[in-house]
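In our numbering, the protein residues as written are 1054 to 1334.
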C-alpha cells in the first residue's frame, strides 16, 4: 500500500471516529463496539441509474468495509495514545481553504488564451521547451524486398523538392499494392518512434539526421523507403505546435496563482484595516 493511500485511509478512520460522538437519530445499519453506522451515513452512496441489485451490492460492500475499518480503529485506539486533534484541525482548515480558493478561481479565472499569447510565451521562454531527443517529420513505405515498385518509390522519396502531392502519390501507390506506410508529414514524432518501424541504427542521431534526407534500407525480407522532411535535434527548442496545450496550461496556472495571491493580499489588508489582525510577538 502506498504512503499516500495509507494516510488517506488513516485520515478517514480518524474522521469516522470523530463522527461517532454526535447523535444521529436515523436507524442503525451496523455497529462495532461503540461505533455506529446509521442509514443517513449512506446518503449519496448510490448514484442515479444504478439497478436495485447493484445498489444492494454496493451498500453491502460499503458496510463491510466500514466494519473492517472500525474493528481496526478500535484496536488502534487502545494501543496508540497520540493526540491527532492538531492534525485533524489542520486537515479540516486546509480542505476549507482549498474549497474556497477553487470557488474563487472558478469565478474569476479568464480561460481565454489567444494564439498570440501562446506565441509570445513560447518566444520568451524557449529555454523551457528544449528537446531531450530528436524529432522528425517523415513519410515512409515498407515493401517486400522483391517488389517491382521499389525503384519508383525510391525515386519519389529522393526528389529534391519533395512536397505534399508526392506524399499523396506515395500513399496511393502503397494502398493499391497492399504496402504499409506512414504519411502524416505535418506531425512531429520522436526519432526513436521512427526507429521502431524502420531499422535505422546510429550512435549519433543528430549527425545521422543532418546527413540523411532520404533513406533506403534493405534486409532479406523487406525494403524500407523513408523521407525525412524536417527534423530537430536534442537541446533545440521544441516546435511551438507541439507545446501549445502545455503553454496554455502554464498561462492558466499563472493566472490562477495570480488570483490567489491577490485574493490573499486583499483579505489580509481588509483584516488589518478593520483591526481584526493582532500580533503579540
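By construction, the Cβ of each residue, glycine as well, lies at the ideal position given by its N, Cα and C atoms.
Cutoff 7 Å; reference residue i; Cβ partners in own chain excluding five residues on either side
i: residue 1083; result: 1090, 1116, 1119 and 1120
i: residue 1211; result: 1267
i: residue 996; result: Since the first and last residues shown for the chain are 1054 and 1334, residue 996 lies out of range.
Within 8 Å, strictly: CB atoms of residue i and residue j
i: residue 1303; j: residue 1153; result: no
i: residue 1272; j: residue 1198; result: yes
i: residue 1224; j: residue 1214; result: no
i: residue 1290; j: residue 1179; result: yes
i: residue 1202; j: residue 1230; result: yes
i: residue 1269; j: residue 1227; result: no
i: residue 1308; j: residue 1141; result: no
i: residue 1299; j: residue 1281; result: no
i: residue 1164; j: residue 1305; result: yes
i: residue 1284; j: residue 1262; result: yes
Neighbour-count burial assignment, residue i, 16 or more Cβ in a 10 Å radius
i: residue 1221; result: exposed
i: residue 1406; result: Residue coverage of the chain in this structure runs from 1054 to 1334, which leaves residue 1406 outside it and unanswerable.
i: residue 1319; result: exposed
i: residue 1094; result: buried
i: residue 1168; result: exposed
i: residue 1074; result: Unreliable positioning characterises residue 1074 in this predicted model, as indicated by a pLDDT of 43, which lies under 50. The coordinate reading is nonetheless provided below. Residue 1074 should be labelled exposed.
i: residue 1078; result: exposed
i: residue 1206; result: buried
i: residue 1192; result: buried
i: residue 1148; result: exposed
i: residue 1232; result: buried
i: residue 1248; result: exposed
i: residue 1321; result: exposed
Cut-off 8 Å between Cβ atoms - residues of its own chain near residue i, not counting five sequence neighbours on either side
i: residue 1111; result: 1098, 1099 and 1103
i: residue 1313; result: 1154, 1157 and 1158
i: residue 1240; result: 1190
i: residue 1324; result: 1330
i: residue 1332; result: none
Same chain, Cβ closer than 6 Å to residue i, neighbours up to 5 away in sequence not counted
i: residue 1288; result: 1183
i: residue 1258; result: 1187 and 1244
i: residue 1123; result: 1085 and 1088
i: residue 1286; result: 1187 and 1259
i: residue 1166; result: 1301 and 1304
i: residue 1295; result: 1241
Using a Cβ distance threshold of 8 Å, determine whether the segment 1176-1187 contacts the segment 1238-1257, with at least three qualifying pairs required. yes
Residue ranges of each beta strand (DSSP E) within the segment 1197-1242, 3 or longer: 1233-1235
Contact between the segment 1267-1282 and the segment 1248-1255 (3+ Cβ pairs under 8 Å): yes
Unbroken stretches of the alpha helix (DSSP H), 4 residues or longer, contained in the segment 1151-1186: 1168-1177
For the segment 1250-1275, list the alpha helix (DSSP H) runs that are entirely contained and at least 4 residues long, ordered along the chain. 1258-1264
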